[in-house]
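In what follows, a structure is listed as structure tokens, so that the remarks can point back to it.
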Amino acid sequence: MLHRRKLLAVAAGGLAAPWVARAAAMPGVTKTSIKIGQTIPYSGPASAYGVMGRAQSAFFKMLNATGGIGGRTIEFLSVDDGYSPPRTVEETRRLIESEDVACLFGSLGTACQTAVRQYLNARKVPQLFVNTGADKWADPEHFPWTMGFFPSYRTEAQVFAKHMQRNATSAKLAILYQNDDFGRDYVAGVRDVLGPQYDKTVIRTASYEVTDPTVDSQIVDLQASGADMLLTAATAKPAAQAIRKIAEIGWHPLHYLSYVSTAPAVVLIPAGAENARGIIGAVFLKVAADPQWADDAGLATWRALAEKWLPGENLNDLHTSGYAMALALKQVLEQCGDDLSRENIMRQAGNLHDLEIPVLLPGIKVNTSPANFHPIRQMQLARWTGTSWERFGDVLEGTA
Amino acid sequence: MLGFWHQILAGVATGGIYASLALALVMIHQATHHINFAQGEMATFSAYLAYALMVSGVPYWGAFGITVVLSFALGALIERVLLRPLAHAPDLTLIGVFIGLLLILNALCGWIWDFTIKPFPSPFGSRPLLGGLVSSAELGTIAVTFVMLLLIWAFFRFTKLGLAMRAVAHNPESSRLVGIRVGAMLALGWGLAAAVGAVAGMMIAPVVFLDPNMMSGILLYAFAGALLGGLDNPFGAVLGGFLVGVIENVGGAYLVGTELKLSLALAVIAFVLMLKPSGLLGRAVASRV
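Just so you know, the protein sequences line up as chains A and B, in that order.
At position 234 of the first sequence the residue is numbered 234 (our numbering), and the sequence of numbers has no breaks.
At position 222 of the second sequence the residue is numbered 622 (our numbering), and the sequence of numbers has no breaks.
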């Protein structure tokens, strides 16, 4: 028995060996195609984000119809993980181990992607352009196979702090933040910019738990501190509660609001559009609602593409940001030329220089290097007028 | 010092929220001796029913009345369909059913009405009072809680039906022997608890915004409040709700910081229950074997 098993093993090894050797060189790549994987919620509580994956699928379909990249078509496997980390792990393993994709692209969710980060780095598979705002994706020293894309929460806080430093007459800042990685990224960003001034400038911070029914107590506390500026790092519901409570108690701080909660229909209008007047947010995308972009060529190209390859879809800004990400991947793959090994894909992702993406605000350029895994580090500020966001000032850059 | 009173007031306002849901928990406990983990989601679902009615043009009080009646019917239906077959099942099975119900109702709300927050009107308006420290919606919530408290207390204390319900919860076999319809009483208990929860949901939604997870945090505090005050006493539950709100706010602002305010409130409760296991106003029950 033992003898026969050994024989079988040798035979199997012999059969598999050439395939293994080739796969090790350029997994997921043939002469005519590149296989790319993604996990994203098409179902469950975060399914609204699924449209980003749909926009990307449409883009790759268009690309394939016009010849692909370097003669190779893109086989884009975008699968549903329901925003649930255990399913992310299962689907990611399947994509790597049975589908043998070249890299992962634009997978969504901080918790979901954290669950597979270690695995992907151990397997040396590029975890490219992770679709969340957490800052931890830019850690090339410890996780050289992982890179984010959008400005991180920390970058946004840095931009806010820079604006505050330049324009504030006094310097008494209060911070309301969610007590987790998301909220703490903002505190860290403010600290990055203020440095030794932090303790003098930030006179009060208050955190809340996601289980807290209201943030009234925190707002009352922050107002009592005498602060005249407030940074709110909160998700939709607590942000809306904070905006309403601030108006009710007649507090008028210069109010900076995390971009997680700047959507008018989701936060500002439920909180009372008038209550929110004067709030400052940060933007990096050309939003469709801005009349300035009515005839913009970059957006028009995208709309024409969507009309053909995503017919009947009700387009929103999430689609646009998914498209922006796909354009960056196209650039990476083009830079790779004929060497589509996982090593080279990662090398080229860390080698983007002044890439301009036509749906990002003018002046915002994508830059990466082996030490800088923050592709977008610039944002522009905007003020809520009671009916719309009005951009002002120059594009500001976060610190490294 | 002014800040201190502000925190107390804000604590009373959120305490009112906990108290109103705690009342629904006491109601179901009085009627069935179970703790219903789905009570919060049932209240959320009721609030969504009211929201749907108002969106389709029904005026506020009409929607309010219809929702209370519908919720009563739904509560009784849940008892008939889900719990009746499990009348003799072990407690663990029931907990499984309650948690399943919680998940189903939560997902159902999200599926039908999506997960974004929605503003919900309050019959008391949302004018800021006392310099914005309390809104008229919050004061209204507290007032409605007290009215419900009196109604529930009077119902259990002075009506034959209330007495029968208490009897069934304590000892179904003996109750049946003296001619009480046990099944009907249990269904009635579920219906009433759902109706009380519906009122709580419609009062809470204007304060915290309506969303499918509206009650998940509040339920924790309401449990804490009900346990602190005594699960078998509506006055205790309301008192407990207010105490939790105030302890949490004052402790968060002055003693331990916002990060530990929930832990502090729960530690206080654990301490009280060690000294007085049946809660501040609860009665210790002795059963003869």
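The beta-carbon is built from N, C-alpha and C at its ideal position, and this holds for glycine as well.
Small disclaimer: the values here were computed from a predicted structure and weren't measured.
Which residue's Cα is closest to the Cα of residue i: the options?
i, options, result
"L483(B)", "A587(B), N571(B), G462(B) and M615(B)", "A587(B)"
"Y177(A)", "D338(A), V260(A) and A276(A)", "V260(A)"
"N372(A)", "M346(A), T385(A), I357(A) and L381(A)", "M346(A)"
"F609(B)", "L643(B), I517(B), S575(B) and G682(B)", "I517(B)"
"T301(A)", "I279(A), Y42(A), L327(A) and G312(A)", "L327(A)"
"L352(A)", "E343(A), L340(A), I364(A) and P375(A)", "P375(A)"
"S321(A)", "E91(A), Y49(A) and H142(A)", "Y49(A)"
"A665(B)", "V544(B), G591(B) and V650(B)", "V650(B)"
"F635(B)", "T541(B), A554(B) and Y621(B)", "A554(B)"
"T658(B)", "P270(A), A102(A) and D216(A)", "D216(A)"
"S98(A)", "G68(A), G28(A) and V267(A)", "G28(A)"
"V534(B)", "T214(A), A25(A) and S57(A)", "T214(A)"
"S33(A)", "F76(A), Y83(A) and F59(A)", "F76(A)"
"R117(A)", "R94(A), G133(A), P144(A) and A102(A)", "P144(A)"
How long is the line joining the alpha carbons of residue i and residue j, rounded to whole angstroms?
i, j, result
"L539(B)", "A413(B)", "7 Å"
"M229(A)", "A239(A)", "15 Å"
"A288(A)", "L628(B)", "52 Å"
"R391(A)", "S78(A)", "34 Å"
"D394(A)", "R191(A)", "22 Å"
"L529(B)", "G272(A)", "18 Å"
"F129(A)", "F182(A)", "18 Å"
"A21(A)", "N167(A)", "Low confidence applies here, because A21(A) scores a pLDDT of 43, under 50, leaving its location unreliable and the question unanswered by this model."
"M325(A)", "L492(B)", "49 Å"
"T66(A)", "K31(A)", "17 Å"
"R244(A)", "A111(A)", "30 Å"
"Y621(B)", "T432(B)", "21 Å"
Taking 7 Å as the CB-CB cut-off, is residue i touching chain B?
i, result
"K365(A)", "no"
"K172(A)", "no"
"N179(A)", "yes"
"D221(A)", "yes"
"K237(A)", "yes"
"E313(A)", "no"
"V190(A)", "no"
"S388(A)", "no"
"W384(A)", "no"
"P358(A)", "no"
"R22(A)", "Reliability of the predicted coordinates at R22(A) is poor, the pLDDT of 46 falling under 50, and no value is obtained from them."
"T110(A)", "no"
"D216(A)", "yes"
"E274(A)", "no"
7 Å is my cut-off, CB to CB: does residue i come that close to chain A?
i, result
"T444(B)", "no"
"N649(B)", "yes"
"G617(B)", "yes"
"F515(B)", "yes"
"T414(B)", "yes"
"A653(B)", "yes"
"E659(B)", "yes"
"I417(B)", "yes"
"L673(B)", "no"
"P521(B)", "no"
"G601(B)", "no"
"A452(B)", "no"
"A438(B)", "no"
"V455(B)", "no"
"G500(B)", "no"
"G640(B)", "no"
Which two residues bound the contiguous beta strand (DSSP E) that contains residue i?
i, result
"K35(A)", "S33 to I40"
"T205(A)", "V202 to Y208"
"G281(A)", "I280 to V283"
"G363(A)", "Premise fails: G363(A) is in no beta strand (DSSP E) and is neither H nor E."
"V130(A)", "Q127 to V130"
"M602(B)", "It is not in any beta strand (DSSP E) - M602(B) instead sits in the alpha helix (DSSP H) that spans V582 to V608."
By the DSSP assignment, the alpha helix (DSSP H) with residue i in it spans what residues?
i, result
"Q56(A)", "G50 to A65"
"D317(A)", "D317 to C336"
"A473(B)", "Y460 to I478"
"Y621(B)", "M614 to G629"
"I175(A)", "Looking at the DSSP string, I175(A) is not in any alpha helix (DSSP H); the run it does join, the beta strand (DSSP E), is L173 to Q178."
Between the stretch 581-598 of chain B and the stretch 504-522 of chain B, can you find at least three pairs of beta-carbon atoms closer than 8 Å? no
Touch test, the stretch 449-457 of chain B against the stretch 571-587 of chain B, Cβ-Cβ under 8 Å, three pairs minimum: no
Validate contact between the stretch 204-213 of chain A and the stretch 145-162 of chain A using beta carbons, cut 8 Å, 3 pairs: Contact fails: fewer than three Cβ-Cβ distances are below 8 Å.
Are at least three pairs of beta-carbons, each pair with one atom in the stretch 352-366 of chain A and one in the stretch 84-93 of chain A, less than 8 Å apart? no
Using a Cβ distance threshold of 8 Å, determine whether the stretch 607-622 of chain B contacts the stretch 415-426 of chain B, with at least three qualifying pairs required. yes
I'd like to know if the stretch 335-349 of chain A and the stretch 124-139 of chain A are in contact, where contact means that at least 3 CB-CB pairs between them fall below 8 Å. yes
Does the structure place the stretch 33-46 of chain A close enough to the stretch 299-319 of chain A that three or more beta carbon pairs sit under 8 Å? no
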